[in-house]
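Heads up: the structure comes next, in structure tokens.
Protein chains: 2
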Amino acid sequence: MGPRNAVPRDSRTRVFDAATHEFAERGYEAAGVDRIAASARVNKAMIYYHFGSKLDLYREVLRHMLRAVGERARAIADGPGPAELKLDLWIGTLIAEAAARPWFPPIMLRELASSAEHLDADTVALGNAVFIAVRDIIVQGQQEGTFRDVDPLLIHLTLMPAVLLFFARMRVLKRRPRGTGLLEPRAEEAFVRHMQDVARRMLRKD
Amino acid sequence: MGPRNAVPRDSRTRVFDAATHEFAERGYEAAGVDRIAASARVNKAMIYYHFGSKLDLYREVLRHMLRAVGERARAIADGPGPAELKLDLWIGTLIAEAAARPWFPPIMLRELASSAEHLDADTVALGNAVFIAVRDIIVQGQQEGTFRDVDPLLIHLTLMPAVLLFFARMRVLKRRPRGTGLLEPRAEEAFVRHMQDVARRMLRKD
DNA sequence: GTCTATAAATAGATAGAC
DNA sequence: GTCTATCTATTTATAGAC
Chain E
544 MGPRNAVPRD SRTRVFDAAT HEFAERGYEA AGVDRIAASA RVNKAMIYYH
594 FGSKLDLYRE VLRHMLRAVG ERARAIADGP GPAELKLDLW IGTLIAEAAA
644 RPWFPPIMLR ELASSAEHLD ADTVALGNAV FIAVRDIIVQ GQQEGTFRDV
694 DPLLIHLTLM PAVLLFFARM RVLKRRPRGT GLLEPRAEEA FVRHMQDVAR
744 RMLRKD
Chain Y
544 MGPRNAVPRD SRTRVFDAAT HEFAERGYEA AGVDRIAASA RVNKAMIYYH
594 FGSKLDLYRE VLRHMLRAVG ERARAIADGP GPAELKLDLW IGTLIAEAAA
644 RPWFPPIMLR ELASSAEHLD ADTVALGNAV FIAVRDIIVQ GQQEGTFRDV
694 DPLLIHLTLM PAVLLFFARM RVLKRRPRGT GLLEPRAEEA FVRHMQDVAR
744 RMLRKD
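Order-wise, the sequence lines are chains E and Y.
Position in the first sequence (from 1) plus 543 gives the number in the numbering used here.
Position in the second sequence (from 1) plus 543 gives the number in the numbering used here.
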């Protein structure tokens with residue numbers, strides 16, 4: 544039912560998706576409302592009709608992204624199993640999320656680089672929720688006695704940036720020819736194993 | 544000698560310094576030539592006289608930054624001592640560099656987020672030189688038998704992003720009021736110790 | 001909901017006098 | 001080396017017809 548539900552969808556969704564890609568590719572400032580409209584195959588005025596302003600559109604993209612990641616982190620933290628397993632799961636999930644939605648890392652990196660100047664309080668709260676979930680996992684492991692006593696924030700600030708930059712770098716490598724081979728992209732599965740290994744080594748007692 | 548060599552200097556240097564801060568604060572696209580001129584207290588035309596274009600100015604800022612970091616990394620790699628000590632030294636140096644020149648992390652993060660689109664081959668080479676030096680340190684440790692056999696690039700891609708984001712995050716925290724205290728900024732010395740600990744744990748044979 | 005046309009501001013860049 | 005004045009293109013955003 545409904546006429547061919549393959550690609551087009553409604554204009555609001557098309558704008559939202561086009562904006563997501565434009566913001567990821569060029570950043571908030573360099574992104575053009577005209578470019579988004581063209582890419583979404585809608586009239587520019589429709590963007591203002593649906594979203595009000597460029598900034599509101601951007602914030603909606605960001606909230607959508609952070610909410611998705613935050614929910615996955617929350618679900619893992621609240622789920623069953625020992626903390627060691629949850630942390631492995633979180634790392635695998637975060638990397639899978641970044642691989643499936645390649646606009647996530649660049650947008651996050653840019654926002655952090657610009658001191659989160661485009662974020663309102665609600666959006667910041669969504670970002671914090673991700674850390675809260677990760678912290679809960681680490682605290683659980685400390686209570687279970689399997690994790691040593693380290694600052695959960697420092698753990699988070701070691702794992703998350705590595706994932707973001709790993710995928711941002713992939714985009715760089717796609718754009719420019721390489722010489723030596725030293726800097727070739729690494730396989731995603733190898734990266735997952737590496738990050739899980741890093742997490743275990745950071746947290747294990749001895 | 545010379546008339547009061549405190550703050551002013553020549554107009555070219557003033558433009559260069561003002562541009563560095565403007566690019567760090569707002570990113571390449573959002574940075575304004577007018578704003579740079581005002582901040583440097585020079586006429587806008589002087590910027591084009593000295594640097595040719597906004598892009599050329601930006602690249603000069605980036606090259607200057609990457610060359611400085613690359614030289615420090617190279618000096619450590621080529622210096623005396625065991626690899627374990629050199630790696631500690633590199634981490635301390637990188638963090639000190641980021642703390643002393645707070646424009647370094649945001650500019651790097653933005654450039655990676657935008658797929659290095661503003662970089663020419665020379666500038667990319669300067670960025671690669673940093674990794675080459677770090678790799679040399681790790682290979683030395685592997686030959687000395689103190690480091691286990693892990694991919695140097697994955698090590699680099701774990702340490703470097705954490706440092707960049709740690710300092711980018713500091714700028715965020717300065718901008719907005721906080722509630723919980725959970726996300727308060729961490730002390731720089733504690734961060735150095737943490738990252739050195741992470742490096743050792745990643746590389747030691749267990 | 002969708003379009004055209006356009007307002008209003010700002011951007012990067014340059015010409016040319018001094 | 002330094003200035004004023006300006007060109008040209010592009011930007012976000014809106015008014016108003018349909």
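Cβ coordinates follow ideal geometry from the N, Cα and C atoms, glycine included.
Around the beta carbon of H737 (chain Y), 16 or more other beta carbons sit within 10 angstroms, so the residue counts as buried. When DSSP states are grouped into helix, strand and coil, R747 (chain Y) belongs to the strand group. With a threshold of 9 angstroms between beta carbons, L605 (chain Y) makes no contact with chain E. With fewer than 16 other Cβ atoms from the protein chains shown falling within 10 Å of its own Cβ, S596 (chain E) counts as exposed. Using a C-beta cut-off of 8 angstroms, the stretch 693-703 of chain Y makes contact with the stretch 727-746 of chain E, since at least three inter-stretch Cβ pairs fall below that distance.
Interface annotation for the stretch 679-711 of chain E against chain Y: V693, D694, L696, L697, L700, T701, M703, P704, A705, L707, L708, F709, A711, criterion Cβ-Cβ distance under 8 angstroms. Within chain Y, the residues L725, L726 have their CB atoms less than 8 angstroms from the CB of F674 (chain E), given in chain order. For M745 (chain E), the closest Cβ of chain Y is nearer than 9 angstroms. If one requires a minimum length of 4 residues, the alpha helix (DSSP H) runs lying completely within the stretch 675-733 of chain Y are 695-718, in chain order.
In terms of CA proximity to G684 (chain E), E:M745 leads the group E:M745, E:R555, E:A672, E:A656. At a C-beta separation below 7 angstroms, N671 (chain Y) has these neighbours in chain E: L726. With its beta carbon at least 9 angstroms from every one in chain E, Y591 (chain Y) lies outside the interface.
In chain order, Y571, L598, Y601, R602, L605, E654 place their CB closer than 8 angstroms to the CB of H661 (chain Y), counting only its own chain and leaving out the 5 sequence neighbours on each side. The continuous alpha helix (DSSP H) containing L628 (chain E) extends over residues 626-643. Contacts with chain E (Cβ-Cβ distance below 7 angstroms) from the stretch 644-655 of chain Y involve P649, L652, R653, L655, listed in chain order. For the stretch 570-584 of chain E, the set of residues with a beta-carbon nearer than 7 angstroms to any beta-carbon of chain Y comprises G570, E572, A573, in chain order. Just so you know, the alpha carbons of A580 (chain Y) and T563 (chain Y) end up roughly 12 angstroms apart. Neighbours of R555 (chain Y) in chain E, taken as residues whose beta carbon is under 7 angstroms from its own, are absent, since the nearest beta carbon is some 26 angstroms off. In the structure shown, H661 (chain Y) adopts coil according to DSSP, grouped into three states.
Under the Cβ criterion of 9 angstroms, D740 (chain E) is counted among the residues facing chain Y.
Taking the Cα of A573 (chain E) as reference, the smallest distance to any Cα among E:I650, E:A705, E:V585 is reached at E:I650. If you draw a straight line from the Cα of Q739 (chain E) to the Cα of A588 (chain E), it comes to about 47 angstroms. Here P623 (chain E) carries a coil assignment [DSSP, helix/strand/coil]. Sequence-distant Cβ neighbours of A567 (chain E) in its own chain, meaning closer than 6 angstroms and more than five residues away, are W646, P649, I650. Interface residue (Cβ-Cβ distance to chain Y less than 9 angstroms): R615 (chain E) is not classified as such. Of all residues in the stretch 656-669 of chain Y, only A656, S657, S658, A659, E660, V667 place a beta-carbon less than 8 angstroms from a beta-carbon of chain E. At a C-beta separation below 7 angstroms, R602 (chain Y) has no neighbours in chain E, since its nearest C-beta there lies roughly 15 angstroms away. Apart from sequence neighbours up to five positions away, the residues of its chain that approach L637 (chain E) with a beta-carbon distance below 7 angstroms are V706, ordered along the chain. Bounds of the alpha helix (DSSP H) holding A580 (chain E) are 576-583.
Pairing D560 (chain Y) with R644 (chain Y), the inter-Cα distance amounts to about 11 angstroms. Going by beta carbons, G688 (chain E) and L609 (chain E) fall outside the 9 angstroms limit. Chain order gives the chain E residues near V715 (chain Y) as L655, S658, A659, where near means a beta carbon separation below 8 angstroms. With respect to chain E, the C-beta atom of A733 (chain Y) has a partner C-beta closer than 9 angstroms. Counting the other Cβ atoms within 10 Å of the Cβ of L725 (chain E) gives fewer than 16, which makes it exposed. Cα atoms of V715 (chain E) and S658 (chain Y): separation of roughly 4 angstroms, rounded to the nearest angstrom.
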